[in-house]
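Below is one structure, written out as structure tokens; the observations come after it.
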Amino acid sequence: MERPLLVYTTFPDLASALNIGEALVRERLIACINVMPGMQSVYSWKGAVERGAEVAALLKSREGLADALTAALKARHPYDTPIILHLPVAGADADTAAWILAETQPDGSAGAEPQSA
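FYI, in the UniProt record's numbering the residues of the sequence shown are 1 to 117.
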């Protein structure tokens, strides 16, 4: 069975995170996006230390879609250089893994939805 993949990224605002996340779900590149607003970031960018409000997001997908998901995320992302970190999953509940795999199949063979994504 193909392993799940988590992708961490940030967005400038809630609307862009939700809109891009919904597009990726509809394209079956991800099964789910968890959006966490209210994050404050301190980071180095082009030689300066910056501060800003951001929205963190965790995307649930599968390893075989890593490249396609990265390309689609970059194409839609409002940042010039978005943070996109692939977080391999060492283990997962079998039902959770099966749901992620089913929801990211191109033929739409979706499985049962978990109670909490």
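Beta carbons are placed, not taken as given, at the ideal position from N, Cα and C, and that holds for glycine.
Straight-line gap, Glu103 to Ala90 (C-alpha atoms, nearest Å): To locate residue 103, count along the sequence shown from 1; it is residue 103. To locate residue 90, count along the sequence shown from 1; it is residue 90. Distance between the alpha carbons of Glu103 and Ala90: 20 Å.
Extent of the continuous alpha helix (DSSP H) to which Val25 belongs: Taking the first residue of the sequence shown as 1, we reach residue 25 at position 25. Leu14 to Arg26 is the extent of the alpha helix (DSSP H) around Val25.
Whole-angstrom C-beta distance between Cys32 and Lys60, which should lie under 8 Å: Along the sequence shown, one-based indexing puts residue 60 at 60. Along the sequence shown, one-based indexing puts residue 32 at 32. Indeed, because the Cβ distance is near 4 Å, the residues count as touching under 8 Å.
Inter-residue spacing [alpha-carbon to alpha-carbon] between Tyr43 and Gly21: Locating residue 43 in the sequence shown gives position 43, counting from the first residue. Locating residue 21 in the sequence shown gives position 21, counting from the first residue. Going by the C-alpha atoms only, they are around 24 Å apart.
Those residues which DSSP pairs with Lys60 across a bridge: Numbered from 1 along the sequence shown, position 60 holds the residue referred to as residue 60. Note: Lys60 sits in a beta bridge opposite Leu6 and Cys32.
Lys60 beta carbon near the ligand NAD (any heavy atom closer than 7 Å): By its list of ligands, the structure shown contains no ligand whatsoever, and the ligand NAD lies outside what it can speak to.
Bridge partner(s) assigned by DSSP for Pro78: What you label residue 78 is simply residue 78 of the sequence shown in a count that begins at 1. In DSSP, Pro78 forms no bridge with anything.
Close Cβ partners of Thr70 (< 6 Å) along its chain, the five nearest in sequence each way excluded: For the purposes of this step, residue 70 is identified with residue 70 of the sequence shown, where counting begins at 1. Excluding sequence neighbours, Thr70 sits near Ile84.
DSSP bridge partner residues for Ile84 (one or two, in chain order): Position 84 of the sequence shown holds residue 84. Its beta-bridge partners are Thr9.
C-beta neighbour in chain C for Ala75, strict 8 Å: Included in the structure is just one protein chain, with no chain C present.
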